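First residue of the sequence shown: 20, per the working numbering; consecutive thereafter. All C-beta atoms, glycine included, are put in the ideal place defined by N, C-alpha and C. Note that the structure is a prediction, hence the values are computed from the model and not measured.
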Amino acid sequence: MTSKVYFTDLRTKDDNSLLVKMDRLIRAAGLEDMDMEKKFVAIKLHFGEYGNLSYPRPQYVRVIADLVKSKGGIPFITDCSTLYVGMRKNAVEHLQCAELNGFNSVTTGCQTIIGDGLKGSDEIEIPVENGEYVRTAKIGQAIAEADIIITLNHFKGHEVTGFGGAMKNLGMGCASRRGKMELHTSSKPGINEDLCRGCGKCAPICAQHALSMKGKKMYLDENLCVGCGRCIAMCPFDAIFGKYDENMEVVNCKIVEYTKAIIAGKPNFHISLMTDISPTCDCHNHNDVPIIPNVGILASTDPVSLDKACIDLAQQQPMLPGSVLFEQTGGVKPEDILGATNKGTRWQSHFEHAKKIGLSDGSYDLIKL
Numbered sequence: 020m021t022s023k024v025y026f027t028d029l030r031t032k033d034d035n036s037l038l039v040k041m042d043r044l045i046r047a048a049g050l051e052d053m054d055m056e057k058k059f060v061a062i063k064l065h066f067g068e069y070g071n072l073s074y075p076r077p078q079y080v081r082v083i084a085d086l087v088k089s090k091g092g093i094p095f096i097t098d099c100s101t102l103y104v105g106m107r108k109n110a111v112e113h114l115q116c117a118e119l120n121g122f123n124s125v126t127t128g129c130q131t132i133i134g135d136g137l138k139g140s141d142e143i144e145i146p147v148e149n150g151e152y153v154r155t156a157k158i159g160q161a162i163a164e165a166d167i168i169i170t171l172n173h174f175k176g177h178e179v180t181g182f183g184g185a186m187k188n189l190g191m192g193c194a195s196r197r198g199k200m201e202l203h204t205s206s207k208p209g210i211n212e213d214l215c216r217g218c219g220k221c222a223p224i225c226a227q228h229a230l231s232m233k234g235k236k237m238y239l240d241e242n243l244c245v246g247c248g249r250c251i252a253m254c255p256f257d258a259i260f261g262k263y264d265e266n267m268e269v270v271n272c273k274i275v276e277y278t279k280a281i282i283a284g285k286p287n288f289h290i291s292l293m294t295d296i297s298p299t300c301d302c303h304n305h306n307d308v309p310i311i312p313n314v315g316i317l318a319s320t321d322p323v324s325l326d327k328a329c330i331d332l333a334q335q336q337p338m339l340p341g342s343v344l345f346e347q348t349g350g351v352k353p354e355d356i357l358g359a360t361n362k363g364t365r366w367q368s369h370f371e372h373a374k375k376i377g378l379s380d381g382s383y384d385l386i387k388l
């Protein structure tokens, strides 16, 4: 079935700000028609790594939260801990990062909850219907227990998946640390012996007893390790790391399967901002020159069709001089700007797999407001 994707451009007037236009957009796209009375509503977004400035501004969240509260809902903003070493690898530092980037109860109109708990281990396993790569998706508990899921997505390029949008915000962003290990890796964590101080703080957290001292360094027994990734958060010296060695197209397929599990049987709604379209993920502590101009804001109840509409609009845009895309192509616009920005990626596999497992075929009607 063809889905409806609603679009508004970024032109404004004194009485028609971007916040007003976004409110009008999400109402037209059906958000206010959802039954939210006394229901917990998770607003899933990426707070941005500190130093990155391309993530969605908190004022956009406020528009969503205010509408949810007007319908009797109980909104909260959320994200899950990261697998990589950075400022968002545990709940305490993640909340600090969110506040540094402007997300708090005053700016957003709601509270912040880290979806997978203090150390990234609070999770619920959800079966993946027709899953080819994943049997159960490991989802942050607070997100899995929410009654309604809304995503606020920053559309951008991505060095592994080709692009970041609604599916990545759902499938990767809602995964617990163990889930992110499953998505990113085909093996177990590694230990950088040069960084390991032999402090032993990681060993008690391992339920499989896979960590032990060998001399003055920690040793990981891969035969015992189940790849939960909890030890990554425990290391104070960032010596334990995920190997990120899964085939990139398989990562995309796993993201699609996680997405299907998260929204199965649950009301969901999705908003994408096509602004500050950086070449890589907001997980970096910086954001490079945008590859194309700002485009607009889109919304839909179908995350697959929403992502496809964003890609189609992105492909129509001119390249921005000075961007990595412009430099890598010599100023000659390629047929596929996303593939040319991050060579070796293949974003199409998201949509091929989404159709294959019955999530969505990605077809849409674009309705411009």
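Asked                                                                                                                                                                 : Found
Just confirm the distance between the C-beta atoms of Ala110 and Ser100, as a whole number of angstroms; I'd bet it's less than 8 Å.                                  : 7 Å
Under a three-way DSSP split, which group does Gly198 fall into?                                                                                                      : helix
Considering Pro94, what are the terminal residues of the beta strand (DSSP E) in which it resides?                                                                    : 93 to 98
Let me know the alpha helix (DSSP H) ranges lying completely inside the segment 205 to 291, each 4 residues or longer, listed in chain order.                         : 249 to 253, 267 to 282
With DSSP collapsed to three states, give me the class of Leu332.                                                                                                     : helix
Could you give the DSSP three-state label for Leu48: helix, strand or coil?                                                                                           : Here the sequence assigns Ala to residue 48, which means Leu is not the residue at that position. Correct three-state label for Ala48: coil.
Return the chain-ordered list of same chain residues with a C-beta closer than 8 Å to the C-beta of Glu201, the five sequence neighbours on each side being excluded. : Val153, Lys157, Ala194, Gly246, Lys273
Is the closest heavy atom of the ligand GTP to the C-beta of Thr126 under 7 Å?                                                                                        : The model depicted lacks the ligand GTP and carries no ligand whatsoever.
If you follow the beta strand (DSSP E) that His369 is part of, which residue opens it and which one closes it?                                                        : No beta strand (DSSP E) contains His369, which is instead part of the alpha helix (DSSP H) from 367 to 375.
Specify the secondary structure class of Leu3 as computed by DSSP and reduced to three states.                                                                        : Residue 3 falls outside the range modelled here, since the chain spans only 20 to 388, and no answer is possible.
Name the residue from Asp54, Arg76, Asp34 whose alpha carbon lies nearest to the alpha carbon of Leu292.                                                              : Arg76
According to DSSP, is Thr170 part of a helix, a strand, or is it coil?                                                                                                : strand
Alpha carbon to alpha carbon, how far is Ala318 from Glu112?                                                                                                          : 31 Å
Does the structure place the segment 113 to 120 close enough to the segment 60 to 69 that three or more beta carbon pairs sit under 8 Å?                              : yes
Assign Thr21 to one of two classes, buried (16 or more other C-beta atoms within 10 Å of its C-beta) or exposed (fewer than that).                                    : exposed
Mind the definition here: the segment 42 to 52 touches the segment 137 to 156 only if three or more C-beta pairs lie below 8 Å; say whether that holds.               : no
Which stretch, first to last residue, makes up the beta strand (DSSP E) that contains Leu189?                                                                         : Element bounds for Leu189: not the beta strand (DSSP E) but the alpha helix (DSSP H), 185 to 190.
Tell me the DSSP secondary structure of Glu164 in three-state form.                                                                                                   : helix
With respect to the beta strand (DSSP E) encompassing Glu144, which residues constitute its N-terminal and C-terminal limits?                                         : 142 to 146
State whether the segment 227 to 236 contacts the segment 268 to 283, with contact taken as three or more CB pairs (one from each stretch) at a distance under 8 Å.   : no
To the nearest angstrom, how far is it from the Cα of Met186 to the Cα of Arg365?                                                                                     : 15 Å
Per the DSSP calculation, His177 is bridged to which residue(s)?                                                                                                      : Gly181
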